[in-house]
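Data block below; observations after.
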């Protein structure tokens, strides 16, 4: 009798554990979405302000995208201390396997290239245009996720991709009205091309990060995610440092600060704040991929495009028109469609795991 009772309790415990797991996963997704939103909106605005007021160092801004990676040492150290206290035995400080370390190095170098491409685009294009072009990473993410990680599409996710893509196209219909004064045709075209190439590489990176954690061969935990994020950001930063040395950026930073349109103090303040904001963005983006999928990361990035337009109008000399309002509505519709599909899928998983009632 006791054995039957224990067996029944074990069966009843499974749906509770799954429900708790889904709640934690949902919380992680929400936190990473907040990080990504705050980091991307603030970071992009600060980078654009830097270029609008006389900043010229593209590799410097690419460097700041991940230069805040030492911040990750704090959550890594706290998590390690908690694991050590809980286990009360010898605890591994490094959870990454050699394959994951190699994958982090490769992804970090690619992230450095991607950072430069995006920075190049932001130096010549207004936020409304650069963010529009960057949102095409959703389409590239969907393609790479399908081929690399075999991500299955549902009609909800397809609907979200289509709606957000059309929303971006609508924004593109009013591009000429926001063209910066004094920009040459060559600079404008280069900004377009570099940003689109950066979006393609970003899509590949999203799928690559998801693939690496699927093939990790170890349990994907918070500690593992933080350590991998640390390595990816570190290798990206080192790549940009080498490029800055070759480009002699370090020798010109002081002169650029003295000539900055908003003053020397604000120059360094903008650099510091952009480093923090952009690192928060990287943490949110990678964390969202680990806690959900590369496709959700791409969709959420596209959702932020029209939101970015609103902030650009509020704080930068850019306009907001009917096309941008329509794009905002389509992006919100697409995002709601995706989350509704994920909600229904999670309900099906819970239903399938419920034991038959006796």
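In full-length UniProt numbering, the protein residues as written are 1 to 358.
Yeah, the Cβ is synthetic: ideal placement off N, Cα and C, and Gly gets one too.
Predicted model only: the values in this text are computed from it and were never measured.
Can you tell me where the alpha helix (DSSP H) holding residue i begins and where it ends?
i           : result
residue 223 : 222–247
residue 113 : 98–124
residue 213 : 185–214
residue 85  : 73–87
residue 279 : 264–291
residue 141 : 137–148
residue 67  : Note, residue 67: premise wrong, no alpha helix (DSSP H); not H, not E.
How many angstroms separate the CA atom of residue i from the CA atom of residue j?
i           : j           : result
residue 217 : residue 124 : 43 Å
residue 397 : residue 207 : The structure shown does not extend to residue 397, since the chain is modelled only from 1 to 358, so the question has no answer here.
residue 205 : residue 339 : 23 Å
residue 182 : residue 213 : 46 Å
residue 148 : residue 103 : 14 Å
residue 155 : residue 310 : 30 Å
residue 250 : residue 54  : 16 Å
residue 132 : residue 305 : 6 Å
residue 51  : residue 122 : 8 Å
residue 357 : residue 293 : Legend: pLDDT at residue 357 = 44, less than 50; position of this residue unreliable, no value from coordinates given.
residue 47  : residue 76  : 28 Å
residue 374 : residue 331 : It is not possible to answer for residue 374, since the shown part of the chain is limited to 1 through 358.
residue 145 : residue 152 : 9 Å
Of the choices the options, whose alpha-carbon is the least far from that of residue i?
i           : options               : result
residue 281 : 263, 292, 301 and 296 : 301
residue 378 : 297, 160, 74 and 236  : Beyond the ends of the chain as shown, which are 1 and 358, falls residue 378; an answer cannot be given.
residue 198 : 268, 279, 277 and 115 : 115
residue 36  : 297, 316 and 313      : 297
residue 286 : 224, 261 and 144      : 224
residue 222 : 211, 316 and 289      : 289
residue 209 : 195, 276 and 232      : 232
residue 65  : 79, 39 and 85         : 39
residue 267 : 49, 30 and 200        : 49
residue 166 : 303, 271 and 345      : 303
residue 72  : 227, 241 and 145      : 227
residue 67  : 321, 276, 196 and 341 : 276
Which of the three DSSP states is assigned to residue i in this structure?
i           : result
residue 57  : coil
residue 307 : helix
residue 46  : helix
residue 35  : helix
residue 316 : coil
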